[in-house]
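See below for the structure under consideration.
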Amino acid sequence: MRNGLFALAAAGLLATGSTAACGDDGGTDTGSNGGSSVGKVGVILPDTQSSARWATADTTYLKAAFEAAGVPVDIQNAQGDKTQFQTIADGMISSGVKVLMIVNLDSGTGKAVLDKARAAGIATIDYDRLTLGGNANYYVSFDNVAVGKLQGEGLVKCLTDMKATKPIVAELNGSPTDNNATLFKEGYDSILKPKYASGDYVKGPDQSVPDWDNAQGGTIFEQMLTENKNIKGVLAANDGLGNAVISVLKKQNLNGKVPVTGQDATVQGLQNILVGDQCMTVYKAIKEEANAAAELAIGLAKGEKKETGQTVTDPESKATVPAVLLVPKPIYKDSVKDVVADGFVTKAELCTADFAKLCTENGIS
Ligand code: BGC
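Its first residue numbered 30, the sequence shown is counted upward by one per residue in the numbering used here.
Right, dumping it as structure tokens:
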């Protein structure tokens with residue numbers, strides 16, 4: 030719980046009621062009673078393929094946060110299936126959850142679920158992805174335009190380090206149905222467009238990857254490279270897509286010569302950085318995100334409404350949604366160690382045989 034409270038403070042969350050933030054969450058009021066009306070929380074995560082985070086980080090940290098507060102939670106994963114997403118939601122709603130937290134697979138199906146929950150008197154949280162038109166009670170995420178800016182700046186730094194002249198830059202964007210992908214692109218295009226306009230960089234192919242499907246991302250990039258052999262830099266929107274790009278580059282012996290970006294600080298992404306095939310990733314401290322979302326959910330489950338201090342405007346409904354937006358961090362070869370120091374990945378999983386020497390060289394202990 031302590032960590033949760035720290036995250037709350039870090040995120041600028043404030044309790045409106047005097048007893049709310051440090052209430053009776055000693056873990057004894059988990060169940061149905063004792064006068065307390067703590068309800069169950071349902072969490073639906075999107076898939077296990079588009080990023081390693083959903084199967085590992087988010088599940089682990091959310092579970093820990095709810096357990097520490099003694100609040101019952103049901104965390105399920107829709108495995109990329111929109112019908113399954115709705116079925117899970119229906120099950121949670123009829124099982125009587127008091128709060129529903131979702132990472133939508135697209136805004137349409139996400140909104141249908143949020144509408145149903147609201148009609149059943151259930152409080153809602155958009156976790157990581159804003160559901161357009163969904164009007165959830167809260168939105169908890171990172172500053173996703175800032176994520177994109179870090180990626181754009183990262184690519185510029187790596188191209189500069191390589192002394193690239195007038196490089197052709199390809200953009201491999203996230204899912205067109207994920208509002209985050211739109212925000213990431215807004216961020217990196219704000220850095221890259223002026224470079225295209227000044228003639229420093231040449232705008233190459235620019236394509237979105239449906240559902241962030243990594244394999245499809247590889248196929249799309251393979252085609253980009255076939256049509257444009259001189260691509261000299263790739264803005265890949267996350268580590269999974271970055272790895273797909275690197276696999277294609279490897280076939281042409283171009284890995285390490287064409288900088289590639291990423292996001293999520295996955296073990297694979299960090300290993301790609303250590304060997305020099307990936308230029309950078311963006312680390313989002315998912316523990317903080319999970320803790321902030323859990324704090325809000327726990328408040329809602331107890332019938333409390335907390336203030337977040339931040340808001341976003343839903344571009345579709347124009348509604349103002351109370352939000353927590355955390356700060357992302359760029360990671361290059363010399364700062365991979367920071368991700369380990371933060372406990373997000375362990376040395377054991379990162380520094381396997383092939384990477385042990387590189388880990389030592391880069392101060393990972
Ligand atoms: C998340 C990223 C993730 C991507 C694919 C985005 O909405 O913010 O962290 O890599 O989805 O799952």
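Here a beta-carbon is modelled for each residue, glycine too, at the ideal position from N, C-alpha and C. Source: prediction; values computed, not measured.
Residue i CB to nearest heavy atom of the ligand BGC below 8 Å
{"i": "Val132", "result": "yes"}
{"i": "Asp172", "result": "no"}
{"i": "Asp155", "result": "no"}
{"i": "Gly271", "result": "no"}
{"i": "Gln307", "result": "no"}
{"i": "Pro75", "result": "yes"}
{"i": "Asn449", "result": "It is not possible to answer for residue 449, since the shown part of the chain is limited to 30 through 394."}
{"i": "Asn267", "result": "yes"}
{"i": "Lys313", "result": "yes"}
{"i": "Gln292", "result": "yes"}
{"i": "Arg147", "result": "no"}
{"i": "Asn106", "result": "no"}
{"i": "Ala321", "result": "no"}
First through last residue of the alpha helix (DSSP H) which encompasses residue i
{"i": "Leu254", "result": "243-256"}
{"i": "Pro351", "result": "Here Pro351 belongs to no alpha helix (DSSP H); instead the beta strand (DSSP E) covers 349-355."}
{"i": "Asp235", "result": "Unbroken run through Asp235 is the beta strand (DSSP E), 231-237; no alpha helix (DSSP H)."}
{"i": "Ser276", "result": "268-280"}
{"i": "Val296", "result": "296-304"}
N- and C-terminal bounds of the beta strand (DSSP E) containing residue i
{"i": "Leu264", "result": "260-265"}
{"i": "Ser227", "result": "Here Ser227 belongs to no beta strand (DSSP E); instead the alpha helix (DSSP H) covers 208-227."}
{"i": "Gln292", "result": "First-last for Gln292: undefined, no H or E at that position."}
{"i": "Leu74", "result": "70-74"}
Cβ-heavy atom distance, residue i to the ligand MG, below 8 Å
{"i": "Ser237", "result": "Ligands present in the displayed structure are limited to the ligand BGC, and the ligand MG is not among them."}
**OP:** Would you list, in sequence order, the uninterrupted beta strand (DSSP E) runs of no fewer than 3 residues that lie entirely inside the region 123-196?
**Re:** Segments of the beta strand (DSSP E) lying fully in the region 123-196: 128-131, 152-156, 167-171.
Original post:
Is the region 256-276 touching the region 201-209, taking contact as three or more C-beta pairs under 8 Å?
Top reply: Touching, per the Cβ criterion.
Subject >> Given 8 Å, three or more beta-carbon pairs between the region 166-173 and the region 311-321 >> reply: Look at the beta carbons and you see the region 166-173 touching the region 311-321: at least three pairs across the two are nearer than 8 Å.
Subject >> Uninterrupted alpha helix (DSSP H) stretches inside the region 310-393 (no shorter than 4 residues) >> reply: Entirely contained in the region 310-393, the alpha helix (DSSP H) runs reaching 4 residues are, in chain order, 315-330, 365-370, 376-379, 385-390.
Original post:
Counting pairs of Cβ atoms below 8 Å between the region 134-148 and the region 103-119, do you hit three or more?
Top reply: Taking a cut-off of 8 Å for Cβ pairs, the region 134-148 and the region 103-119 touch, as three or more such pairs fall below it.
Original post:
Do the region 95-109 and the region 70-85 make contact, defined as three or more Cβ pairs closer than 8 Å?
Top reply: By the Cβ rule, the region 95-109 counts as touching the region 70-85, because three or more pairs are nearer than 8 Å.
Subject >> Start-end ranges of the beta strand (DSSP E) lying completely within the region 70-123, minimum 3 residues >> reply: Counting only runs of 3 or more, we get 70-74, 102-106.
Original post:
Three or more C-beta pairs closer than 8 Å, one from the region 328-338 and one from the region 380-391: is that the case here?
Top reply: Contact fails: fewer than three Cβ-Cβ distances are below 8 Å.
Original post:
Any chance the region 282-300 sits against the region 174-193, with 3 or more Cβ pairs inside 8 Å?
Top reply: In the pairwise beta carbon analysis, the region 282-300 is classified as touching the region 174-193: at least three pairs are separated by under 8 Å.
**OP:** Take every Cβ of the region 297-309, pair it with every Cβ of the region 319-327, and state whether three or more of those distances are shorter than 8 Å.
**Re:** Under the three-pair Cβ rule at 8 Å, the region 297-309 does not count as touching the region 319-327.
Original post:
With contact counted as at least three CB pairs below 8 Å, one residue from each stretch, are the region 346-357 and the region 146-166 in contact?
Top reply: Taking 8 Å as the limit for Cβ pairs, the verdict is that the region 146-166 does touch the region 346-357.
Original post:
Okay, do the region 211-226 and the region 243-257 touch, 3+ Cβ pairs below 8 Å being the bar?
Top reply: No, the region 211-226 is not in contact with the region 243-257.
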